[in-house]
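K.L.:
Before anything else, here's the structure in question.
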Amino acid sequence: MAEETLYEKLTPADFESRIKATPIAYLPLGTLEWHGPHLPLGSDFLQSQSFFIQLAKRVGGIVLPPLFIGPDNMKEVNGAEYYGMDLTKHVPNPPQQLKGSAYWVPNQLFSDLVEAVLKQLRRAGFKIVVAHGHGPSTNHFVKNSKSLGKKYDLAILTIWRNKHEREESTEFQYDHAAANETSIMMALHPDLVHMKNLPKDKKRPIGIIGKDPREHASAKHGHRIINVHLNRMESILNEQLTKLRSQ
Ligand SMILES: [Zn+2]
295 MAEETLYEKL TPADFESRIK ATPIAYLPLG TLEWHGPHLP LGSDFLQSQS FFIQLAKRVG
355 GIVLPPLFIG PDNMKEVNGA EYYGMDLTKH VPNPPQQLKG SAYWVPNQLF SDLVEAVLKQ
415 LRRAGFKIVV AHGHGPSTNH FVKNSKSLGK KYDLAILTIW RNKHEREEST EFQYDHAAAN
475 ETSIMMALHP DLVHMKNLPK DKKRPIGIIG KDPREHASAK HGHRIINVHL NRMESILNEQ
535 LTKLRSQ
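In this note's numbering, the protein residues as written are 295 to 541.
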């Protein structure tokens, strides 16, 4: 079986052998979005994409290119659109458009797009889809996994644990550019994290939601989060595959 896990790099023969062995598609749900002055704009998909590559090396399956558009809260003021982190309480009033954000689509458009993607993946032969990344996009999958799974004959999962089992500090991508996401980025893409860009004074940088990354983020914590979920997802997916093979 080809070692390559990225969909776009597989030849049809490599694709065939990988999907035959393990019919899992991994979909990184991104944004191009302000993630503080210290993290890159593609942080949402960089985290899930790198995690999925590691998971696909353990379990098998194929990693899709990231979706960089997604839903979020949106407000129009004097003809200008403000969304996501533009609207948090850390942002002065009237809101400002944070630099680099370019991802927002209405819920219905995102929902239609997700359905089109799932339909194509089922047609291509996948039986399990794991989607994860940007919070509101991931939530769309959490909320609709059962009905979409039924409609397209797929098992649909995210990396988040069930609501009552979630732990804020060790969930995967569970804040916004704060200690959780910054730690994961430090572990997966240390060269892309620029802690020196964060202010030195007590003032909280705008558009960062969660524990202060200046005090609580570390690569060690990031590796801990990643290992928890690699192990969890490996056993969840192996269970699903056993079920599939016995059908
Ligand atoms: Zn994020």
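Think of the CB as a built atom: it goes at the ideal place given N, C-alpha and C, for glycine as much as any other residue.
Any beta carbon of chain D sitting closer than 8 Å to that of A472?
P.N.:
The structure shown contains no chain D, having only a single protein chain.
K.L.:
For G429, which three-state DSSP category applies?
P.N.:
DSSP places G429 in helix when its eight states are reduced to three.
K.L.:
Could you tell me whether the stretch 516 to 523 touches the stretch 462 to 477, using the rule of 3 or more Cβ pairs below 8 Å?
P.N.:
A contact exists between the stretch 516 to 523 and the stretch 462 to 477.
K.L.:
Output needed for P365: all residues of its chain with C-beta closer than 6 Å, excluding positions within five of it in sequence on either side, in chain order.
P.N.:
For P365, where only same-chain residues beyond five positions count, the Cβ hits under 6 Å are N401, F404 and P430.
K.L.:
Is the distance from the Cβ of I347 to the Cβ of T299 below 8 Å?
P.N.:
For I347 and T299, yes; Cβs fall inside 8 Å.
K.L.:
Whose C-beta lies closer than 6 Å to the C-beta of M527 among residues of the same chain, with five residues either side of it excluded?
P.N.:
Same-chain partners within the cutoff: L349.
K.L.:
With DSSP as the reference, please indicate the residues paired to I450 in a beta bridge.
P.N.:
DSSP lists V423 as partners of I450.
K.L.:
Grab the span of the alpha helix (DSSP H) containing A319 for me, first residue to last.
P.N.:
It is not in any alpha helix (DSSP H) - A319 instead sits in the beta strand (DSSP E) that spans I318 to L323.
K.L.:
Examine ligand 1 and report whether any of its heavy atoms sits within less than 7 Å of the Cβ of D380.
P.N.:
The answer is no for D380.
K.L.:
Would you call the CB atoms of Y397 and P389 closer than 8 Å?
P.N.:
No. Outside cutoff.
K.L.:
Is A471 a contact residue of ligand 1, with contact defined as CB to any heavy atom under 7 Å?
P.N.:
For ligand 1, at least one heavy atom lies less than 7 Å from the Cβ of A471.
K.L.:
Would a C-beta distance cut-off of 8 Å place P359 and L486 closer than the cut-off?
P.N.:
No, the Cβ-Cβ distance between P359 and L486 is not below 8 Å.
K.L.:
Could you tell me whether the stretch 463 to 471 touches the stretch 494 to 512, where touching means 3 or more Cβ pairs closer than 8 Å?
P.N.:
Touching, per the Cβ criterion.
K.L.:
Expressed to the nearest angstrom, what Euclidean distance is found between the alpha-carbon atoms of Y320 and G330?
P.N.:
Cα-Cα distance, rounded: 27 Å.
K.L.:
Cβ of R416 within 8 Å of Cβ of L448?
P.N.:
Cβ distance < 8 Å, so R416 and L448 count as in contact.
K.L.:
Does ligand 1 have even one heavy atom less than 7 Å from the beta-carbon of H332?
P.N.:
False, no ligand heavy atom lies under 7 Å from that Cβ.
K.L.:
For F435, tell me which candidate among A418, K421, G419 and W454 has the shortest Cα-Cα distance.
P.N.:
It is W454.
K.L.:
Give the secondary structure of L349 by DSSP, where H, G and I count as helix, E and B as strand, and everything else as coil.
P.N.:
If DSSP states are grouped into helix, strand and coil, L349 belongs with the helices.
K.L.:
Quick one: is D495 buried, meaning 16 or more other Cβ sit within 10 Å of its Cβ, or exposed?
P.N.:
Exposed is the call here.
K.L.:
So V487 is in the beta strand (DSSP E); what residue range does that whole segment cover?
P.N.:
Run containing V487: none; DSSP gives neither H nor E here.
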